[in-house]
Amino acid sequence: MSFKLAIVGRPNVGKSTLFNRLVGKRLALVDDQPGVTRDLREGEARLGDLRFTVIDTAGLEEATDESLQGRMRALTERAVGMADACLFVIDARAGVLPADEVFADILRRKSAHVILAANKAEGNAAEAGVLEGYGLGLGEPLRLSAEHGEGLGELHAALAPLI
Ligand code: GDP
Ligand code: MG
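Residue numbering for the sequence shown follows the numbering used here, beginning at 73 and increasing consecutively.
This is the structure:
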């Protein structure tokens, strides 16, 4: 059984960008499997010597304001239930928003292993947002830039003991 990592967090923090960076073109192979819904995508990730399954929570972007929080919660709880560990992504440029606190609450209650990552952390503009991440009570945030491929060594170091 492959180790499963769920990438969770509110829309627009860069979850799918990270998923695509970890999975690359291998998604096509798993996308056709039964049970893989539009809202949860699974792919086979490679990170250095590590091989694991990664789950992307998607499909929330089209939700209306009223239903967004409920859908995010339900989808996240489902992903957390399937996963061995969660990568909780916040946007270092936006800082910690109220929606991020909702995810932090779910993860504190439901997930055995949570790795906090502050994405979009390239450059100096993001440092204030990274520091806000400490306030979530989930440990030191990894500084990631999914778009630029930065921080992947630290992600490897955080995952290697778990896999
Ligand atoms: P998701 O909704 O969490 O899946 O977020 P997406 O992966 O769709 O990304 C949302 C937006 O953030 C897109 O415009 C991405 O190009 C951008 N983005 C993702 N990662 C980074 C990053 O590391 N740095 C910056 N500056 N932008 C990023
Ligand atoms: Mg996405």
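The beta-carbon is built from N, C-alpha and C at its ideal position, and this holds for glycine as well.
Since the structure is predicted, the reported quantities are computational estimates derived from the model, not experimental observations.
Open item on the list: Buried or exposed, going by whether 16 or more other CB atoms sit within 10 Å of the CB of aspartate 172?
Closed with: buried
TODO: Compute the distance between the beta-carbons of serine 183 and threonine 125, then report whether it is under 8 Å.
DONE: no
Task: Proximal residues to leucine 14 (C-beta, below 8 Å), its chain only, five neighbours per side dropped - done: Residue 14 lies beyond the stretch modelled for the chain, which goes from 73 to 235, so this question has no answer here.
Task: Cβ contact check for the segment 74 to 87 and the segment 153 to 163: 3 or more pairs under 8 Å - done: yes
TODO: Given a cut-off of 8 Å, decide if alanine 155 and isoleucine 127 are closer than it, judged by their beta-carbon atoms.
DONE: yes
- [ ] Determine the burial state of leucine 101: buried for a count of at least 16 other Cβ atoms within 10 Å of its Cβ, exposed for fewer.
- [x] Confidence at leucine 101 is low in this model, with a pLDDT of 40, below 50, so the placement of that residue is unreliable and no value is reported for it.
TODO: Note down the Cα distance separating lysine 192 from leucine 216, rounded to an integer number of angstroms.
DONE: 6 Å
TODO: Going by CA-CA distance only, name the one from Gly142, Arg123, Asp121 and Arg150 that's closest to arginine 113.
DONE: Arg150
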